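Quick note: the sequence shown uses the working numbering, first residue -13, plus one each step.
One structure is given below, encoded as structure tokens.
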Amino acid sequence: MIALVRGEVAVRRADHVVVLTGGVGYRLAVSAETLRQVPAVGKPVTLHSHLVVRDDALALFGFAAEEERDLFLALIGVQSVGPKVALAVLGGGTPRELIRALAAGDAARLQAVPGIGKRTAERILVELREKVGGVDVEEEIVVTRGDDPRRLARDGLVELGFSIVEADELLRDAPDDTPEALIAHALRLARR
């Protein structure tokens, strides 16, 4: 997995940047919030990243802060929220503002994002409200991914290219154990 990209900004567009590092240009899809923090072409930049593997593509997403990446991962873990919609949600403000909106149950803020209707906004609020830590102006933002082995295994399978629905199906009857054992069980089932 590509977790961090550091290099020189080669291209800066409304929805992505290209970072030149070691002679290779990495195209990273970014939110509007991250783009505001990316310097001009030719300047050095460091972006936290997440690689999404699909059957037809490898998509790399870039984030100015780890908190934004953690929120992205939490958002794509919600049913019917894909990476593009998650970026659109993150583009509406800072991670701190989004966490405040989630904690307050602000469905209207989420519905203002293109691609999110009332049901999806409510689903995001229900699934993520308990995962976001308390936000205090003086405290760091905390997004808890939890120590639930099934959740960690599902995240791992999604990283490997399975859809969330496929991952849930593969883990349905798996014995409760470590995330590694759950993933191994799921991969054995997928090979059949």
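Note that the Cβ used here is the ideal one computed from N, Cα and C, for glycine as well.
Remember, it's a predicted structure, so these values are computed and weren't measured experimentally.
Item: Can you give me the C-alpha to C-alpha distance between Glu53 and Ala93, rounded to a whole angstrom?; Value: 21 Å
Item: Specify, as a first and last residue, the run of the alpha helix (DSSP H) that Gly142 falls within.; Value: 135 to 145
Item: Within 10 Å of its beta-carbon, does Gly120 have 16 or more other beta-carbons around it, so buried, or fewer, so exposed?; Value: Unreliable positioning characterises Gly120 in this predicted model, as indicated by a pLDDT of 47, which lies under 50. A coordinate reading is not provided.
Item: Am I right that Glu152 and Gly77 are in contact with their C-beta atoms under 8 Å? What's the rounded C-beta distance?; Value: So it is not a contact: roughly 28 Å between Cβ atoms.
Item: Would you mind reading off the limits of the beta strand (DSSP E) that contains Glu(-6)?; Value: -10 to -2
Item: Mind checking Thr106: buried by the 16 CB within 10 Å criterion, or exposed?; Value: buried
Item: Taking Arg(-1) as the reference, give the member of Ala26, Leu(-10), His34, Arg(-8) with the closest Cα.; Value: Ala26
Item: Using 8 Å as the Cβ pair cut-off and three pairs as the minimum, do the region 74 to 88 and the region 30 to 44 touch?; Value: no
Item: Could you compute how far the alpha carbon of Arg174 sits from the alpha carbon of Arg95?; Value: 42 Å
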